[in-house]
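First the structure, in the form of structure tokens, and then the observations on it.
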Amino acid sequence: MRLSPRPRTDVGAFVTPSPGRTRSLGAERRDGCPLVVGVPEARDHSAQQPRRQLRPDCRDRTMPPPTAPSVVEPSNGSAPRPQEAPDAAAAKPMPLVLVEDSSEYASLVHEMLRDAFGLGFELAHYELVRDAEADLRETRVDCVLLDLSLPDAEGLEGLRAIRAADADVPIVVLSGFDDERVALEALQEGAQDYLVKQHANGHLLGRAVRYAIERKRSERALAHQAMHDALTDLPNRTLFLDRLELALARTERRPASVAVLFLDLDRFKVVNDSLGHGVGDELLRETARRLGDVVRPSDTVARFGGDEFMVLCEDLAVETEAIAIARRIESALAEPFAIDGHEIFVGASIGIAFAREPHEDAKTLIRNADQTMYRAKLHSTGIELFDEEMHTSAVRRLQTENELHRALERDELRLVYQPLIELSTGEIVAVEALLRWQHPENGLLSPREFVPVAEETGLIVPIGDWVLDQACRQLARWREAIPEARTLIVSVNVSPRQLAQHGFVDTVAATLAATGIEPSRLCLEVTESAVGREAELGAVLDALRELSVALSIDDFGTGYSSLTALDQYPFDILKIDRSFVHRLAEGAERRAIFAASLGVAEALGLTAVAEGIEDADQLRELRELGCRVGQGYQLARPEPADAVGTLIRRGRVAV
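Sequential numbering from 2 applies to the sequence shown in the numbering used here.
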């Protein structure tokens, strides 16, 4: 049943009541305009179509209805559509639903709403909950006014039915029960407000409706923020994962109809570093817009963070459809971006993974697409498909990850120590702690067999903390038992994930305090490839230097930022990569390169260490070049703590 304020009879014909569903209330407005009672007009039920237009000159402009939410999310998660202009929104009546079996009270509610909103509302009245449910499933309304005592629903049953029909609609209960317990239960079931009929008036009802709509709008806004990326307004990782899990659940019989595309922008870091974060942010926003333009309406585009995006493709008839989408993305992003007067060329590396099995795990599918994207980036192929070889590798990595989770708990990790030797005297000046995994089935594993998985999954953080703690405790034991260990330094490798971890500097300080080790006796090694990957690395290294912890750059000469790293960061030790040591015998040019590295270290006041010395010829060459400290199998192998303790007692090794 619909109650509509009509300004005058020439606006249109009266709506004819449908027998059995509506009846005239016989009321007349104070301004002479009759109340018209009837069934809802035939109309387009889309969200953009108003229920009925009222003449703007008859609206009460002093009390406009609440406006619609400012953003409507597109189905593919691309850039948001703005709402209509405020003037256009103001011309639409506020659609409300009243579920009330008393026609007399329905008329009174209409009067109260007229007092609150003038002519700025449109009220659909239903005597039965099931009729209101049918309308709510087809039509968007701003608020439902609900009685709790109805012919087909008693108590909270009606409230639950309305929420089942539209879980998002605000509900104001208008009840004859003046019972605090009932009111609290109604609010707990999802009502926004509870009014007792005998106490209600136009002011209270208008305020309750406004409050209900505004509160629901705020809830929607907060929910939107929690599920969307703040920069691009695309779905974020959480929402993407939810949609992927739903898609996989719907397609158990034909899993290959679901694909995940993982893409990473090429050269984004160069743009961000050279042109600034403002240009970088606009590049990401424009990328989001282009992605939204080339995917299908049913696809979901999400931003995973940084310059990584994902696309969820559902209902694929053949796998080549996903490849075609990837090619459209590749073409769209290959076009130059015009931002702030700059013409910017980027491009993307795209990995595609299809659901292969019923009950496919969503996180595994994302990981497969991510791994494939990295292969595309490594080989500069643009687009790569996840294949059986990668599947086998992924299964192996997943098994390693699961076992690694338990390795710490089961005390399966081990540390061995390799001395750093003064090449002229054979004196042990430091020991490097090296991680091993005593696997229950596969024996002693080297770091390259499990550390990449630990890095990828974040397990490297607790493992790294364990290594730091154990190495410092072992140094404390040596210092207590061996006088020659008083000046010894222990060196520990730290990963980029550890350095980026909030509170890492505090962890180091706490470990030193707990073990009684002076900060100057600890050296933290950072690989050159890690330098520059973390924006806050400089601040972390400076804070560690303030603690008086020594800092070493490892594998020097293998990256692209060697000299930049030495200039920017407070390193004390420069460890020259083993590849330079192994190539000394190739001729004068190789010797000159190594000598230049030694010269750089000396000019900057750093201690140079040659890594990977494996034979007597290399040792002789290094001495001739003036290298003072070295490490390698020719000098001393990595050994358990007891064996290294014996070497420390001797004070030196044969050189």
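Where a beta carbon is used, it is the ideal one built from N, C-alpha and C, also for glycine.
Tell me the rounded alpha-carbon separation between residue i and residue j.
i: Glu287; j: Val302; result: 13 Å
i: Arg658; j: Ile461; result: Not covered by the structure: residue 658. The range shown for the chain is 2 to 656.
i: Ser258; j: Glu283; result: 33 Å
i: Ile330; j: Arg397; result: 31 Å
i: Asn369; j: Val319; result: 19 Å
i: Ile614; j: Leu313; result: 50 Å
i: Val417; j: Leu476; result: 12 Å
i: Tyr245; j: Asp230; result: Per the sequence shown, the amino acid found at residue 245 is Leu instead of Tyr. Approximately 17 Å between the Cα atoms of the pair.
i: Leu607; j: Pro337; result: 44 Å
i: Leu626; j: Asp618; result: 12 Å
i: Glu457; j: Asp371; result: 11 Å
i: Ser598; j: Leu262; result: 43 Å
i: Leu399; j: Arg218; result: 42 Å
i: Pro639; j: Ala434; result: 9 Å
i: Leu489; j: His278; result: 44 Å
i: Leu548; j: Asp267; result: 38 Å
i: Val656; j: Ala482; result: 26 Å
i: Phe178; j: Arg115; result: 24 Å
i: Glu123; j: His111; result: 10 Å
i: Trp467; j: Leu386; result: 38 Å
i: Asp274; j: Asp294; result: 28 Å
i: Arg546; j: Glu220; result: 47 Å
i: Val210; j: Val173; result: 7 Å
i: Leu469; j: Tyr634; result: 24 Å
i: Gln54; j: Ala323; result: Low confidence applies to Gln54: its pLDDT is 29, below 50, so where it sits in the model is not reliable, and the reading given next is rough at best. Computed Cα separation, rounded: 44 Å.
i: Gly600; j: Phe269; result: 34 Å
i: Ala250; j: His360; result: 7 Å
i: Ala611; j: Gly652; result: 20 Å
i: Glu85; j: Val197; result: For Glu85, the pLDDT reaches just 37, beneath the cut-off of 50, and the residue's location in the model is therefore unreliable, although a value from the coordinates is still provided. Each residue's alpha carbon lies about 36 Å from the other.
i: Leu292; j: Phe557; result: 40 Å
i: Ala510; j: Ile345; result: 44 Å
i: Leu542; j: Pro571; result: 7 Å
Once the 5 residues before and after residue i are set aside, which same chain residues still bring their CB inside 6 Å of it?
i: Ile464; result: Ala455
i: Ala184; result: Tyr195
i: Leu151; result: Asp102, Val130, Gly159
i: Ala551; result: Cys524, Asp573
i: Arg304; result: Asp230, Thr233, Leu235, Phe310
Between residue i and the rest of its own chain, which residues show a CB-CB distance below 8 Å, the 5 nearest in sequence each way excluded?
i: Glu134; result: Ala162, Ile163, Ala165, Ala166
i: Arg216; result: Pro171, Gln193
i: Arg437; result: Leu414, Arg415, Leu416, Val417, Leu445, Leu446, Ser447, Pro448
i: Val654; result: Pro420, Ile422, Gly427, Ile429, Leu636, Ala637, Leu648
i: Lys364; result: Leu242
i: Ile544; result: The residue you asked about is not Ile; residue 544 is Ala in the sequence shown. Cβ neighbours of Ala544 beyond the five flanking positions: Val506.
Here's the rule: buried if 16 or more other CB atoms are within 10 angstroms of the residue's CB, otherwise exposed. What is residue i?
i: Ala637; result: buried
i: Arg629; result: buried
i: Pro420; result: buried
i: Glu587; result: exposed
i: Pro641; result: exposed
i: Ala658; result: For the chain, the structure presents residues 2 to 656; residue 658 sits outside this window and is missing.
i: Thr528; result: buried
i: Leu120; result: buried
i: Phe505; result: buried
i: Ser1; result: Only positions 2 to 656 of the chain appear in this structure, which leaves residue 1 out of reach.
i: Asp643; result: exposed
i: Gln632; result: buried
i: Leu149; result: buried
i: Ser176; result: buried
i: Arg182; result: exposed
i: Leu147; result: buried
Please return the same chain residues whose Cβ sits closer than 7 Å to the Cβ of residue i, not counting the five positions on each side in sequence.
i: Met228; result: Pro236, Asn237, Thr239, Leu240
i: Asp265; result: Asp308, Glu309, Ala349, Ser350, Met374, Lys378
i: Phe451; result: Thr401, Leu405, Trp438
i: Leu585; result: Arg591, Arg592, Phe595, Gln619, Glu622
i: Ala327; result: Leu262, Ile351, Ile353, Ile384
i: Asn1; result: This structure leaves residue 1 out entirely; the chain is present only between 2 and 656.
i: Leu334; result: Thr288, Arg291, Val347, Gly348, Ala349
i: Leu605; result: Leu567
i: Gln471; result: Leu416
Below 8 Å, how does it come out for the region 96-106 and the region 124-143: are there three or more Cβ pairs, yes or no? The region 96-106 is in contact with the region 124-143.
With contact counted as at least three CB pairs below 8 Å, one residue from each stretch, are the region 500-520 and the region 438-457 in contact? No: the two stretches stay apart, fewer than three of their Cβ pairs being nearer than 8 Å.
Complete runs of the beta strand (DSSP E) confined to the region 347-378 [at least 3 residues]: 349-355
Using 8 Å as the Cβ pair cut-off and three pairs as the minimum, do the region 371-390 and the region 400-409 touch? no
Starting from the N-terminal side, write out each stretch of the beta strand (DSSP E) that is 3 residues or longer and does not extend beyond the region 398-449. 414-423, 429-440, 444-446
Hey, which unbroken runs of the alpha helix (DSSP H) at 4 residues or more fall wholly within the region 109-149? Positions of the alpha helix (DSSP H) runs, each at least 4 residues long and wholly inside the region 109-149, are given as 130-139 in order along the chain.
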